[in-house]
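The block underneath contains the structure these notes are about, expressed in structure tokens.
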Amino acid sequence: MAAGLEVQGLSWHAGEKAIISDVSFSVSPGETLAVVGPNGAGKSTLLRCLYRYLKPSAGSIRIDGEEIWSLAARDCARKIATVLQEQPADFGLTVRDIVALGRTPYRKGLSAIGAGDRAMMDTAIERMNLTGLTGRHLASLSGGEKQRVMIARALAQEPDVIILDEPTNHLDIRHQLELLTLMRGLGPTVIASLHDLNLASAFADRVLLLAGGQVLGTGTPAEVLSAERIHEAFKVQSFIDVEPATGAPRFTFQLPNEI
């Protein structure tokens, strides 16, 4: 299941300092949106507002027209799932134990996991190619396997929207490509912060470019990631051609001539 998400006039302040300011954009149901920008642009702060960890100083966040801060926490957890950069401590849990945590918003008190829960867990495990790892402890897995476990846990949550904060961080090239390929077919709407513009261009339907806490552009990668905007955001010169396999923009970079 997927739902559209609409953000209007979103701002968040740390004391008197605006970390993000007047951010507005929308994501259609089932789309993949990549949030890109330099370090300190406000990407993680934006995502924390979207998954209701930070309450905005101003603005609204709506899923299918419903303001997320009007929802009970349990109801919000049924609509939005989050995969963070930091992996959780193992605590002796197996892969299946961790995926089962995704069913928490649907359980009452200490009730046992039911047949419907197990079916949803099995589906998520299969989609993330984890069937042979369900009895393994998280600490024994590779970085790419751990990320797939966390996404399976998010899928088991049956969300309308999945938010991922730098999901390819610390992964090698192969695992980055595997993970992003899996992300494209998840079903829910996907919003992910990415630091690699080539990955964002290849795998996202649309891109949101942030700099200084403000939106520099939103649209398809070709519409947003122009040489001028890249220079404005990252202070580098870029050279843009086309990736033959996908037709997506492809970038190489160098420092400005004045450096």
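According to the numbering used here, the stretch in the sequence shown is residues 63 to 321, in order.
All C-beta atoms, glycine included, are put in the ideal place defined by N, C-alpha and C.
Bear in mind that the values here come from a model prediction, so they are computed numbers and not experimental data.
Name the residue from the options whose alpha carbon lies nearest to the alpha carbon of residue i.
i       : options                            : result
Phe-265 : Thr-280, Glu-285, Leu-241          : Leu-241
Gln-276 : Thr-282, Arg-268, Ser-288, Ala-295 : Ala-295
Glu-128 : Ile-142, Tyr-115, Gly-178          : Ile-142
Gly-66  : Gln-299, Pro-221, Thr-185, Ala-139 : Pro-221
Ala-181 : Val-161, Asp-84, Val-252           : Val-161
Ala-96  : Glu-68, Asp-227, Ile-82, Ala-64    : Asp-227
Gly-92  : Ala-103, Trp-131, Asn-101, Arg-246 : Arg-246
Thr-230 : Ser-202, Leu-259, Ala-218          : Leu-259
Ala-289 : Gln-299, Leu-248, Asn-191, Leu-233 : Gln-299
Val-286 : Arg-110, Leu-217, Val-98, Glu-188  : Val-98
Asp-267 : Ala-174, Gly-102, Ile-253          : Ile-253
Ser-50  : Gly-104, Ala-218, Leu-233, Pro-250 : An answer regarding residue 50 cannot be provided, because it is not within the stretch 63 to 321 covered by the chain.
Asp-84  : Asn-319, Ala-307, Phe-301, Leu-278 : Leu-278
Asp-234 : Ser-255, Leu-248, Leu-261, Cys-138 : Leu-261
Ile-187 : Ile-213, Tyr-168, Leu-112          : Ile-213
Phe-301 : Arg-291, Thr-308, Ala-307          : Arg-291
Gly-274 : Asp-184, Gly-197, Gly-104          : Gly-104
Alpha carbon to alpha carbon, how far is residue j from residue i? Give it in angstroms, no decimals.
i       : j       : result
His-257 : Phe-87  : 19 Å
Arg-136 : Thr-166 : 9 Å
Glu-305 : Leu-133 : 43 Å
Val-157 : Leu-195 : 7 Å
Ala-303 : Phe-315 : One point to set straight first is that residue 303 is Asp, not Ala, in the sequence displayed. Rounded to whole angstroms, Asp-303 to Phe-315 spans 12 Å at the Cα level.
Gln-147 : Ser-106 : 10 Å
Ser-119 : Thr-144 : 21 Å
Gly-205 : Leu-244 : 15 Å
Asp-159 : Arg-114 : 25 Å
Leu-317 : His-293 : 10 Å
Val-211 : Asp-126 : 28 Å
Arg-140 : Ile-224 : 11 Å
Pro-311 : Ala-284 : 6 Å
Leu-155 : Leu-200 : 7 Å
Gly-176 : Leu-272 : 43 Å
Thr-282 : Gly-77  : 34 Å
Ile-321 : Asn-101 : With a pLDDT of 48 at Ile-321, under the threshold of 50, the predicted position of this residue should be treated as unreliable, and no value is reported.
Leu-108 : Gly-178 : 34 Å
His-232 : Asn-319 : 31 Å
Ser-255 : Met-183 : 26 Å
How would you label residue i, buried or exposed, when you count the other beta carbons within 10 angstroms and need 16 or more for buried?
i       : result
Phe-313 : buried
Arg-215 : buried
Ser-263 : buried
Gly-164 : buried
Trp-74  : buried
Lys-79  : exposed
Lys-170 : exposed
Lys-297 : exposed
Arg-236 : exposed
Ile-82  : buried
Lys-208 : buried
Ser-202 : exposed
Thr-193 : exposed
Thr-308 : exposed
Provide the residue(s) that pair with residue i in DSSP beta bridges, ordered along the chain.
i       : result
Ser-255 : Val-97, Asp-227
His-199 : Thr-156
Ile-142 : Val-223
Item checked: Residue ranges of each beta strand (DSSP E) within the stretch 262-312, 3 or longer -> 268-273, 276-281, 299-304
Next item on the list: At 3 residues or longer, and completely inside the stretch 64-140: list those beta strand (DSSP E) runs for me, N to C.
Entry: 67-76, 79-89, 94-98, 120-125
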